[in-house]
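Under my numbering, the first residue of the sequence shown is numbered 76, with each subsequent residue one higher.
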Amino acid sequence: MKKLTIKNIILPTLLFGIFFIPFNSWSGISFLGEYYRDSCFLFFSFASILILFKRRIQMPLQNLVFQFLILFLLWSFLTTVLNSHNIFDYYFKQTSGLSRFVNQFGSLIIAAFIVPLTFYNGFKKINVNKTFRLIRRIVFASLIVVLIYSIIEILIVKLNMVYLKKPLLNLFDYFPFTEAKIDMRNQRISSVSFESPALATYLISVFGWMLSYILTEKKKLKYLPAMIVLFLGFMSGSRAAFFAIIIQFIIAIFFLLKNKNVANNLYRILIGLSTIFVLIAGYFNKPIFDYIKKEINSFKLDDSTHALSNKSRFGIQQAMFNVFLENPILGTGYGLQAFESRKKYPSWAKKNNWEFRLKYLNQNDKRFPPGYNMYLRILTETGLIGFLVFSLIILQIFLWSYNNLKSENSSIAFIVLISMIGFSLNWLKMDSFRIYFFWLCVALIWIIEHKKKSQNG
76 MKKLTIKNII LPTLLFGIFF IPFNSWSGIS FLGEYYRDSC FLFFSFASIL
126 ILFKRRIQMP LQNLVFQFLI LFLLWSFLTT VLNSHNIFDY YFKQTSGLSR
176 FVNQFGSLII AAFIVPLTFY NGFKKINVNK TFRLIRRIVF ASLIVVLIYS
226 IIEILIVKLN MVYLKKPLLN LFDYFPFTEA KIDMRNQRIS SVSFESPALA
276 TYLISVFGWM LSYILTEKKK LKYLPAMIVL FLGFMSGSRA AFFAIIIQFI
326 IAIFFLLKNK NVANNLYRIL IGLSTIFVLI AGYFNKPIFD YIKKEINSFK
376 LDDSTHALSN KSRFGIQQAM FNVFLENPIL GTGYGLQAFE SRKKYPSWAK
426 KNNWEFRLKY LNQNDKRFPP GYNMYLRILT ETGLIGFLVF SLIILQIFLW
476 SYNNLKSENS SIAFIVLISM IGFSLNWLKM DSFRIYFFWL CVALIWIIEH
526 KKKSQNG
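Below you can see the structure in the form of structure tokens.
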């Protein structure tokens, strides 16, 4: 029996954290700020404390992605200091500019520095292939739980089998960090996550991992994990996320067909699926056409179902862009765009829109309005310089994954590439750095490059 040491506790703690990434439908812990729902954060923070106790925190100082990341963090701080003449005048939603910056920059340090370094130090001593398979197995196990919950939820929400709520779905109340609930009004599924977009972000994040089974396994069931993600993505009701998953899938197919061991079977499956699709489309052409038309119309501002959310999203984005035009080089300072953009929300977005009245401009609601777009947020808050550095981080990750597709770490490179496509598209509709699978991909790059340099002396 192995002696219980700090080193032996760190790995299972990280794996538990990865397993629980989608589980955030509970009420959370309020003092954790924007991390209050993130159950995985409890495990990752505990692992980081254990690593601190070891007093052996290592950093990939020579890695270009890490260097760009540090530069981005430093610039985010510096641009706020350069905007200090405005910060002390800011006050919105019972929050001062200084308080808002401290909270937001602290959150950035946790997500972009502490979390990836925790992954790096926790997995660095383990064989890369073993790490990859361990993480993937945990992700698949987590996805199975998500699937089971989702199937019950679909039966209730889509097929009106409400009688299943109490005997089946409510059993998940006994599962950690989960509160069984359904959305009968919008008929969207969220599974163990607190909302449909959160589930969609999780599916985008794990799709690359599930597609990698097609590369590495020989059993026919290797296609099942990817099919589960496609199914849940379609049923989630998140239009933009399902579009991102489809783009991920198309690009993944392009690279998978280049693999001779996979190509023949994949061709047969694609031909079979295409034949089935053509037959179904021919027979059900009118319902399919109506569905596609409905989904396209859902992005319009006059769509009865999605009009309010579209007006809010596009209105906030327009206001942020106008703020950027006034502060193109330095931006407003990190986390501070809402203090300026709230003055520029267009009248067409606010008109007959309760979201602005009761949420975004309500001084009694302390929650700040989201930016709904990571790229616009970075442009607005850190200016062109910050955006350039962030773009270099993303570009370097894409280049690394593409350049390693034919290396001994090709499976991980494939996962990173497909995941990055998803993250990049998903950031068009959200502005959070709390995408744990993104930082896991970054940490794996650091680990692989560290091992390469160690082997080369």
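Ideal Cβ placement from N, Cα and C applies to all residues, glycine included.
For residue i, the three-state DSSP class (helix, strand or coil)
{"i": "Arg-509", "result": "coil"}
{"i": "Asp-248", "result": "helix"}
{"i": "Thr-170", "result": "strand"}
{"i": "Arg-263", "result": "strand"}
{"i": "Gln-530", "result": "helix"}
{"i": "Ile-522", "result": "helix"}
{"i": "Thr-380", "result": "Because the pLDDT at Thr-380 is just 49, under 50, the model does not fix this residue reliably, and the value given afterwards should be weighed accordingly. Coil."}
{"i": "Phe-374", "result": "Reliability of the predicted coordinates at Phe-374 is poor, the pLDDT of 49 falling under 50, and the value obtained from them is presented with this limitation in mind. In this structure, Phe-374 counts as coil in the three-state DSSP scheme."}
{"i": "Leu-153", "result": "helix"}
{"i": "Gln-142", "result": "helix"}
Residue i CB to nearest heavy atom of the ligand MN below 8 Å
{"i": "Val-517", "result": "By its list of ligands, the structure shown contains no ligand whatsoever, and the ligand MN lies outside what it can speak to."}
Endpoints, alpha helix (DSSP H) assigned at residue i
{"i": "Leu-474", "result": "449-478"}
{"i": "Arg-211", "result": "203-232"}
{"i": "Ile-162", "result": "159-162"}
{"i": "Lys-415", "result": "Sequence check: residue 415 is Glu here, not Lys. From DSSP, the alpha helix (DSSP H) with Glu-415 extends over 412-416."}
{"i": "Thr-291", "result": "271-291"}
{"i": "Phe-330", "result": "314-331"}
{"i": "Pro-300", "result": "299-310"}
{"i": "Ala-488", "result": "485-501"}
{"i": "Tyr-195", "result": "190-198"}
{"i": "Ala-545", "result": "One cannot answer for residue 545 here, as it falls past the ends of the chain, which runs 76 to 532."}
Close-in-space but distant-in-sequence residues of the same chain around residue i (CB under 6 Å, 5 per side omitted)
{"i": "Arg-494", "result": "Per the sequence presented here, residue 494 reads as Ser, with Arg not at that position. Same-chain partners within the cutoff: Gly-283, Cys-516."}
{"i": "Phe-512", "result": "Ser-280"}
{"i": "Ala-327", "result": "Leu-286, Ile-493"}
{"i": "Thr-88", "result": "Phe-118, Phe-121, Ala-122"}
One or two residues paired with residue i in a DSSP bridge
{"i": "Asp-440", "result": "Paired residue(s): none; Asp-440 is not in a bridge."}
{"i": "Asp-113", "result": "Per DSSP, none; premise fails for Asp-113."}
Residue from the options whose Cα sits closest to the Cα of residue i
{"i": "Pro-300", "options": "Glu-228, Val-221, Lys-82", "result": "Val-221"}
{"i": "Phe-167", "options": "Arg-314, Asn-439, Ile-496, Ile-469", "result": "Asn-439"}
{"i": "Asn-534", "options": "Gly-172, Pro-251, Trp-475, Asn-428", "result": "No answer is possible for residue 534: the residues shown for the chain start at 76 and end at 532."}
{"i": "Ser-114", "options": "Gly-103, Ala-122, Arg-388, Gly-108", "result": "Gly-103"}
{"i": "Glu-228", "options": "Trp-423, Met-310, Ser-482, Leu-451", "result": "Met-310"}
{"i": "Phe-116", "options": "Phe-250, Val-190, Gly-308, Ala-273", "result": "Val-190"}
{"i": "Val-304", "options": "Ser-266, Lys-335, Leu-239, Lys-295", "result": "Ser-266"}
{"i": "Met-505", "options": "Phe-389, Gln-471, Phe-489, Leu-470", "result": "Phe-389"}
{"i": "Phe-94", "options": "Leu-218, Phe-163, Val-203", "result": "Leu-218"}
{"i": "Arg-131", "options": "Asn-196, Val-177, Tyr-277", "result": "Asn-196"}
{"i": "Trp-521", "options": "Gln-471, Asn-245, Ser-499, Ser-507", "result": "Gln-471"}
{"i": "Glu-401", "options": "Leu-307, Leu-459, Ile-346", "result": "Leu-459"}
{"i": "Arg-208", "options": "Lys-528, Glu-524, Leu-519, Pro-135", "result": "Leu-519"}
{"i": "Phe-194", "options": "Asp-164, Leu-90, Gln-169, Phe-176", "result": "Leu-90"}
{"i": "Leu-290", "options": "Arg-260, Phe-329, Gly-312", "result": "Phe-329"}
{"i": "Ile-404", "options": "Gln-142, Leu-157, Ile-145", "result": "Leu-157"}
{"i": "Ile-523", "options": "Arg-260, Ser-422, Ile-201", "result": "Ile-201"}
{"i": "Thr-276", "options": "Tyr-298, Ile-162, Gly-308", "result": "Gly-308"}
{"i": "Gly-108", "options": "Lys-441, Phe-396, Thr-350, Val-232", "result": "Lys-441"}
{"i": "Met-259", "options": "Ile-231, Lys-526, Lys-481", "result": "Ile-231"}
{"i": "Asn-534", "options": "Ser-486, Lys-205, Phe-431", "result": "What the structure shows of the chain is the stretch from 76 to 532, and residue 534 is not part of that stretch, so it cannot be assessed."}
Own chain partners of residue i with C-beta closer than 7 Å, once the 5 adjacent residues on each side are dropped
{"i": "Thr-457", "result": "Trp-150, Ser-151, Thr-154, Gly-406, Tyr-409"}
{"i": "Leu-256", "result": "Before going on, a small fix: residue 256 reads as Lys here, not Leu. Once the five neighbours on either side are set aside, the close Cβ partners of Lys-256 are Ser-100."}
{"i": "Phe-269", "result": "Asn-99, Ser-100, Arg-112"}
{"i": "Phe-147", "result": "Gly-461, Val-464, Phe-465, Ile-468"}
{"i": "Ile-84", "result": "Leu-125"}
{"i": "Leu-500", "result": "Ala-319, Ile-322"}
{"i": "Thr-253", "result": "Phe-98, Ser-100, Trp-101, Phe-247, Val-267"}
Other residues of its chain near residue i: CB distance less than 8 Å, five sequence neighbours each side excluded
{"i": "Val-398", "result": "Thr-407, Gln-412, Glu-415, Ser-416, Lys-419, Thr-455"}
{"i": "Phe-180", "result": "Ser-151, Phe-152, Thr-155, Tyr-409, Gly-410"}
{"i": "Trp-502", "result": "Asn-448, Met-449, Tyr-450"}
{"i": "Tyr-110", "result": "Phe-116, Ser-182, Ile-185, Arg-509"}
{"i": "Ala-273", "result": "Pro-97, Asn-99, Ser-265"}
{"i": "Val-140", "result": "Ile-468, Gln-471, Ile-472, Trp-475, Val-517, Ile-520, Trp-521"}
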